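Quick notes on the structure that follows.
Numbering (our numbering), first residue to last: 38 to 545.
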């Protein structure tokens with residue numbers, strides 16, 4: 038079924054510019070209406086008969102037209118008072134996907150502070166004499182989710198500038214600041230770049246760049262750890278092209294080495310993609326080894342170890358402030374960043390790294406309950422895992438309570454208006470800051486809405502079809518057939534609901 042847009046965006050934009058209410062669109066292109074119309078308010082609608090308000094379809098009609106199956110839950114509230122203005126299944130606990138990152142943001146800001154910075158260090162167990170470290174040299178991770186190859190190059194350059202050229206001992210790496218997880222969600226396809234491993238030492242969002250070029254009857258492949266300025270090799274990660282129909286990718290790991298295979302039929306003449314890294318500490322150390330050699334620093338092959346209690350710091354690198362990291366995380370919905378900042382927050386509370394993501398998520402849930410009196414269940418910090426369940430009412434309650442004096446709204450992504458052809462409408466007085474959430478057969482949106490007449494609203498829209506989702510959980514395909522169409526219709530519903538609210542509630 039093709040979703041028809043029941044409200045003419047052209048008419049609504051005109052109403053907005055005339056000082057009335059306004060439509061809003063999601064970033065993804067919405068389907069254009071088949072005809073331009075001013076819809077009629079249905080009998081029995083709570084706003085029916087109200088003077089000075091445009092007629093709009095009821096939420097039930099919009100939900101029926103979307104034909105998503107499963108469940109749809111939403112809540113709309115006054116941002117000043119918290120009063121609920123409209124709702125449908127407000128207390129239905131549903132998966133929220135990446136909207137989990139809203140809770141993680143609040144949790145990390147509270148425990149770590151907006152000005153917190155993650156520090157990566159190179160330390161030694163002895164002094165430098167004649168350009169040689171008298172002892173071991175250790176790369177120590179501090180849980181930085183944003184460390185990249187260019188940062189490692191800057192650290193190597195700083196070491197070289199100190200005259201260091203060799204070590205008498207070992208080259209080690211310490212990734213113990215965060216427990217090592219080979220993947221955030223083991224049920225995901227092995228090649229899913231959004232599902233890498235985690236540790237206290239991370240690099241390039243724990244992804245390796247895979248590039249292939251057809252050469253005669255075979256392929257030349259390259260695995261590297263490219264940054265913006267440099268392109269070092271990833272010597273401990275290999276790729277083999279194999280003649281087979283399935284699986285598309287396989288992965289194995291042993292002693293810091295990772296081996297990939299890919300089905301030949303999947304490869305074009307030339308292409309590239311990012312693949313997840315399962316042992317981030319070993320990956321970062323091997324790449325640093327390559328970079329150090331380029332600066333004429335001779336190091337032994339790396340090995341894992343715990344840094345001593347009081348080492349000598351040779352150089353260090355600090356990340357951006359946590360607030361800046363969270364803004365980028367919310368914009369790109371970066372799973373790795375969400376998990377690492379959530380794990381860091383739990384480590385701050387418990388005094389040691391949590392052993393599992395579920396343990397850390399439970400600690401976040403306990404904090405949410407204590408701070409906001411909301412009983413949500415979290416399986417992780419990113420929303421990738423299957424077990425997270427939250428209600429639309431709880432989402433709106435947390436956003437309402439977090440508003441006074443908080444920075445959450447300033448960190449959320451702006452959602453812009455689109456016209457009938459899916460083009461950006463410039464200079465609109467409507468302002469929306471929100472977080473999306475998307476999994477296979479799960480889609481949602483939650484955030485803040487400001488209108489031209491000063492109305493301030495908070496909303497949460499949750500949609501899911503768990504019966505259809507269960508059928509694709511074990512799929513090796515990253516976007517199973519049927520999912521894109523369902524997601525497009527879910528986003529259309531979200532857009533239509535927000536458009537209807539903008540008309541129904543021009544003042545509050």
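From the three backbone atoms N, C-alpha and C, an ideal C-beta is built for every residue, glycine too.
Everything numeric in this text was worked out from a predicted model, so none of it was measured.
Sorted by chain position, which residues of the same chain lie with C-beta nearer than 6 Å to residue i's C-beta, five sequence neighbours on each side aside?
i	result
residue 537	93
residue 297	276 and 288
residue 214	178, 179, 180 and 237
residue 212	178, 236, 237, 238 and 318
residue 394	417
residue 270	261 and 327
residue 91	Its pLDDT being 49, under 50, residue 91 is placed unreliably in this model, and the coordinates cannot settle the point.
residue 496	113
residue 259	248
residue 231	372
Just how far apart, CA to CA, sit residue i and residue j?
i	j	result
residue 182	residue 347	24 Å
residue 524	residue 163	57 Å
residue 144	residue 459	36 Å
residue 505	residue 133	16 Å
residue 539	residue 150	35 Å
residue 464	residue 412	40 Å
residue 415	residue 399	6 Å
residue 354	residue 520	42 Å
residue 159	residue 360	25 Å
residue 106	residue 147	38 Å
residue 245	residue 120	48 Å
residue 345	residue 443	39 Å
residue 103	residue 499	13 Å
residue 308	residue 376	30 Å
residue 139	residue 166	50 Å
residue 234	residue 491	45 Å
residue 66	residue 451	At residue 66 the pLDDT is 34, less than 50, meaning the model places this residue with poor confidence and gives no usable figure here.
residue 481	residue 425	14 Å
Output needed for residue i: all residues of its chain with C-beta closer than 7 Å, excluding positions within five of it in sequence on either side, in chain order.
i	result
residue 392	216
residue 477	506, 509, 517 and 520
residue 185	240, 241 and 264
residue 468	487
residue 542	122, 492 and 494
When DSSP builds the beta bridges, which residues end up paired with residue i?
i	result
residue 470	451 and 485
residue 349	161
residue 245	312
residue 125	111
residue 378	Beta-bridge pairing links residue 378 to no other residue.
residue 341	210
residue 498	111 and 482
residue 438	According to DSSP, residue 438 bridges with nothing at all.
residue 277	298
residue 291	294
residue 252	255
By a C-beta neighbour count over all protein chains shown, 10 Å radius and 16 as the cutoff for buried, is residue i buried or exposed?
i	result
residue 268	exposed
residue 170	buried
residue 526	buried
residue 439	buried
residue 407	exposed
residue 494	buried
residue 282	exposed
residue 472	buried
residue 369	exposed
residue 435	buried
residue 441	exposed
residue 387	exposed
residue 97	exposed
residue 474	buried
residue 532	buried
residue 448	buried
Comparing C-alpha positions only, which one of the options sits nearest to residue i?
i	options	result
residue 222	419, 360, 534 and 128	419
residue 110	506, 501 and 186	501
residue 290	218, 279 and 349	218
residue 428	483, 441, 468 and 439	483
residue 337	173, 105 and 140	173
residue 379	188, 176, 243 and 405	405
residue 136	97, 366 and 342	366
residue 286	229, 274, 293 and 271	229
residue 142	381, 497 and 188	381
residue 311	243, 528 and 188	243
residue 485	446, 453 and 100	446
Output yes if chain C places a C-beta closer than 8 Å to the C-beta of residue i; else output no.
i	result
residue 327	Checking the listed chains, one finds no chain C in this structure; it contains a single protein chain.
Leaving aside the five residues before and after residue i along the sequence, list all residues of the same chain whose C-beta is less than 8 Å from its C-beta, in chain order.
i	result
residue 334	193, 196, 197, 201, 202 and 203
residue 256	249, 250, 278, 301 and 304
residue 156	179, 181, 353, 354, 355 and 356
residue 273	293, 294, 295, 319, 320 and 323
Please find out if some non-hydrogen atom of the ligand ATP comes closer than 7 Å to the beta-carbon of residue i.
i	result
residue 418	Because no ligand of any kind appears in the structure shown, any question about the ligand ATP cannot be addressed here.
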